[in-house]
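Enquirer:
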Amino acid sequence: MLNELQKILSERSISTLFQPIIDKYSGQIFAYEALSRGPSDSPLHSPNQLFDYARQYALLSELELLCREKALSGFVEQQLPGKLFINITPESIEQESHQKGKTLDLLKTYNLSSSEVVIELTEQFPSSDENVLLNALEHYQEMGFSIALDDLGAGYSSLRLWSKTRPEFVKIDRHFIQDIDLDITKQEFVRSFVEIAKSMHCKVIAEGVETEAEYQYIKKLSIDFLQGYFFCRPQHRPPKQLCFKSDTDSQKPSSASKLKVLAKDLCVHKMSVQHWQSVDEVAQIFQDKPAINSLAVVDGEKILGLILRATIQGKLSQNFGRDLYSKKPASEVAMDAVPLTVDATLSIEQVSRLVTSRARYSQEDDFVVSRDGQFVGIGHVIDLLKQVTELQVNQARYANPLTQLPGVIPINDCIDQLVATNNKFVVAHFDIDNFKPFNDVYGFSKGDEVILALGISLQKFHCFEKDTIGHIGGDDFIALFNSVDWQQRIVAITQNFDRIVSELYYPDHLDAGGFSSKDRYGEQRFHPIASVSIAALEVAEDSTMSHFEISSLLSPLKHAAKNCQGNSLAVNTADNCYSLNQPRAMKKCVVS
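In short: position in the sequence shown from 1, add 12, done, that's our numbering.
#1: Among all the DSSP beta bridges, which residues are the ones paired with residue 115?
#2: Should residue 174 be labelled buried (16 or more other beta-carbon atoms within 10 Å of its own) or exposed?
#3: Taking just the CA atoms, how far does residue 528 sit from residue 261?
#4: Let me know the alpha helix (DSSP H) ranges lying completely inside the stretch 405-454, each 4 residues or longer, listed in chain order.
#5: In whole angstroms, what is the alpha-carbon distance linking residue 389 and residue 294?
#6: Exposed or buried, residue 381, counting other C-beta atoms within 10 Å across all chains shown (16 or more means buried)?
#7: Enumerate in chain order the residues of its own chain whose CB-to-CB distance from residue 264 is below 8 Å, with the five nearest sequence positions on each side excluded.
#8: Helix, strand or coil for residue 590 per DSSP?
#9: Spatial neighbours of residue 209 within its chain, please: CB distance less than 8 Å, with the 5 preceding and 5 following residues excluded, ordered by chain position.
#10: On the three-state DSSP scale, how would you describe residue 258?
#11: Could you tell me which residues DSSP pairs with residue 391 in its beta bridges?
#12: Tell me the rounded alpha-carbon separation between residue 259 and residue 94.
#13: Pull up the distance between the alpha-carbon of residue 20 and that of residue 73, whole angstroms please.
#14: Which of the three DSSP states, helix, strand or coil, is assigned to residue 567?
#15: How many angstroms separate the CA atom of residue 8 from the CA atom of residue 118?
#16: Quick one: which unbroken beta strand (DSSP E) runs of 3-plus residues sit fully inside the stretch 499-557? Chain order, please.
#17: Could you give the C-beta distance for residue 32 and residue 244, rounded to a whole number, given that I count them as a contact under 8 Å?
#18: Answer with buried or exposed for residue 537, where buried requires no fewer than 16 other C-beta atoms within 10 angstroms of its C-beta.
#19: With DSSP collapsed to three states, give me the class of residue 73.
#20: Here's the rule: buried if 16 or more other CB atoms are within 10 angstroms of the residue's CB, otherwise exposed. What is residue 168?
#21: Excluding the 5 residues preceding and the 5 following residue 150 in the sequence, name in chain order all residues of the same chain whose CB lies nearer than 7 Å to its CB.
#22: Is DSSP giving residue 580 helix, strand or coil here?
#23: Output the residue ranges of the beta strand (DSSP E) runs that lie fully inside the stretch 150-179 and measure 3 residues or longer, sorted by chain position.
#24: Residue 199 lies in the alpha helix (DSSP H); which residues open and close that run?
#25: By Cβ distance below 6 Å, which residues in the same chain neighbour residue 230 in space, the five residues on each side in sequence not counted?
#26: Need the endpoints of the alpha helix (DSSP H) that residue 18 sits in, please.
#27: Should residue 176 be labelled buried (16 or more other beta-carbon atoms within 10 Å of its own) or exposed?
#28: Taking its Cβ as the centre, do 16 or more other Cβ atoms sit within 10 Å of residue 395, making it buried, or is it exposed?
#29: CA-CA distance, residue 425 and residue 554?
#30: As an exercise, report each continuous alpha helix (DSSP H) stretch of at least 4 residues that is fully enclosed by the stretch 342-366, in chain order.
#31: The beta strand (DSSP E) that contains residue 187, what's its start and end?
#32: Taking the CB atoms as reference points, tell me whether residue 313 and residue 386 lie closer together than 7 Å.
#33: Taking all protein chains shown into account, decide if residue 350 is buried (16 or more other Cβ within 10 angstroms of its Cβ) or exposed.
#34: Looking at the strands, I want to know which residues DSSP matches up with residue 219.
#35: Please return the same chain residues whose Cβ sits closer than 8 Å to the Cβ of residue 52, not counting the five positions on each side in sequence.
#36: Along the alpha helix (DSSP H) that carries residue 321, what are the first and last residues, could you check?
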């Protein structure tokens, strides 16, 4: 094999495949990983054999350098977008034949910058000298390369390296991704990896995603990037764009889904059995799937009940249990015909109330998720409790203390994610007119009631499933509308606000349409009854704006709406401003 390996090196007959790495939020290709192969007619075609023999004959460094050059040339020649991930083994760095500075020379040859290349450290051959490895990685980082740690969780050394190198990216080992939708233990490991990565400001890549079920589970986690056969196999000439979104085109995530976790997001598996299947068949499924605690019983897709592993095991463990029950339909022998069943669109707070209202439920139990009576999946009560706890912590951290609505940080995150996922939506800024004079005359307590009046009105008339509302400070609120009838909702919000606020004024002030008081300059001025000015910007589906840019575009609209007396709405441009005092007519304001 030495001769074969030397022939490959001398003839430079390495071929390179590229596999896309997908940005989960935008659905766009973020980078490509370069994967090297020997000649197709060679006994060293397989990368495992190729690199094993290179290591055996101390030619690992020479082989990796050739692979690196082939990867860079192929990446540039095809003008692939994004970054390039190049694999490097610790042992090659430690070999005496390792040529320092050669990677930078290659970048100059192909007119690439170090910021476009990620050094991916693989543990195919673990390090024997950790200090040499750490120094080399530090040197790469100083030159502007990002570092990715491959096969996270595959061994103790990978966790040690993670803590010491603090890479920009970590790749979760395929072992933890395979069947993650069915394996509770893997789910817990991956959640732990993601939490640690967050604390270290490290991006997470889930590699080896091969099935729809794996993807559907992973996309619910705070994982940044995805890679695997489910999206695209390694190819010599890979696509530059994939027809992939962070959700299906028919079910794009609404603004509400960015800040609200729904029952459907709690599904850990979607396995079910038909009502006619026997106890033996169901028992075999439980045996083959040790992570599954329960199975839905369906007639077609219609939910009939739930079968627990423990119930089946209890029946079969009885005296003559197998003889008595094994051939009978499991639905007749072991089915709970009234399991807790929740609609897929319910919020986790609503699901939590349903669970706690049923005293017999404990945190080890499961519940059924449905949509229009059709089976969607199975959720764990323990996962629900964790989500509720996390939600409460985040709400306490970011919510406005008066209204308990999301504050500026989650709202800005929501805007950026809606743009990244190509959503068409409307950003509407609500500001209370004549609030300060009211606060000065009536006092802070009454002032808080005015603010609450707008918060209550927004909560009452936004669409819970589609829209998101936030209180970003003082008397300023934001609504992110996915509802097509958003203008009618705004009218209803202002009308409800008027009704509540009218009860806060003294009768003589209300009859006069306001009150007189001194302004900040000591001048007596008349202040009309509090109203709401709304600035609304329609964000296109193909927009690339950040929340900063959207805020900037809203500024002149706010000014225009403020200059229009009473409830007013400015849409998209400052000269497109309307009075809402007569909503049916939507009378256009003359803006000074």
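Virtual Cβ for every residue (Gly too), placed ideally from N, Cα, C.
Expert: Looking at the coordinates:
#1: Per DSSP, none; premise fails for residue 115.
#2: Residue 174 comes out buried.
#3: Any reading at residue 261 must be qualified, since the residue scores a pLDDT of 39, below 50, and its modelled position is unreliable; the value itself is stated next. Answer to the nearest angstrom: the Cα atoms are 55 Å apart.
#4: When DSSP assignments are scanned along the stretch 405-454, the uninterrupted stretches of alpha helix (DSSP H) that are 4 or more residues long and fall wholly within it turn out to be 420-432, 447-454.
#5: If I take the Cα positions, the gap works out to 17 Å.
#6: A buried status is given to residue 381, since no fewer than 16 other beta-carbon atoms sit within 10 Å of its beta-carbon.
#7: Reliability fails at residue 264, whose pLDDT of 46 lies under 50, so the model's placement of it is uncertain and the value that follows must be treated cautiously. So the list reads 257, 433, 434, 435, once near-sequence residues are dropped.
#8: Note: residue 590 maps to strand in three-state DSSP.
#9: These residues qualify, in order along the chain: 182, 215, 216.
#10: Its pLDDT being 46, under 50, residue 258 is placed unreliably in this model, and the value from its coordinates should be taken loosely. In this structure, residue 258 counts as coil in the three-state DSSP scheme.
#11: Per DSSP, 279, 379.
#12: Residue placement at residue 259 is poorly supported in this model, since its pLDDT is 41, which falls under 50; the coordinates still yield a value, given next. Cα to Cα, residue 259 sits roughly 22 Å from residue 94.
#13: Cα to Cα, residue 20 sits roughly 14 Å from residue 73.
#14: Helix at residue 567.
#15: In the structure displayed, the chain extends from 13 to 604; residue 8 sits before or after that span and is not available.
#16: Within the stretch 499-557, the complete beta strand (DSSP E) runs of at least 3 residues are 526-530, 536-540, 543-551.
#17: Residue 244 and residue 32 do touch by the CB rule: their CB atoms are close to 5 Å apart, below 8 Å.
#18: Result: exposed.
#19: In this structure, residue 73 counts as helix in the three-state DSSP scheme.
#20: Note that residue 168 scores a pLDDT of 48, beneath 50, so its modelled location is shaky; the value from the coordinates is reported in the next line. Label assigned to residue 168: exposed.
#21: There are no such residues.
#22: Strand at residue 580.
#23: Qualifying beta strand (DSSP E) stretches, in chain order: 158-164.
#24: Here the alpha helix (DSSP H) through residue 199 covers 196-211.
#25: Apart from sequence neighbours up to five positions away, the residues of its chain that approach residue 230 with a beta-carbon distance below 6 Å are 218, ordered along the chain.
#26: Residue 18 -> alpha helix (DSSP H) spans 14-23.
#27: Taking all protein chains in view, the Cβ of residue 176 is surrounded by fewer than 16 other Cβ atoms within 10 Å, so the residue is classified as exposed.
#28: When all chains shown are included, residue 395 counts as buried.
#29: Distance between the alpha carbons of residue 425 and residue 554: 18 Å.
#30: Look at the stretch 342-366 and you find these whole runs of alpha helix (DSSP H), each 4 residues long or longer: 342-345.
#31: That residue, residue 187, is in no beta strand (DSSP E); its alpha helix (DSSP H) goes 186-189.
#32: Yes, these two residues count as a Cβ contact at 7 Å.
#33: Classification for residue 350: exposed.
#34: Per DSSP, the beta-bridge partners of residue 219 are 239.
#35: Sequence-distant Cβ neighbours of residue 52 in its own chain, meaning closer than 8 Å and more than five residues away, are 27.
#36: Segment 321-329, the alpha helix (DSSP H) holding residue 321.
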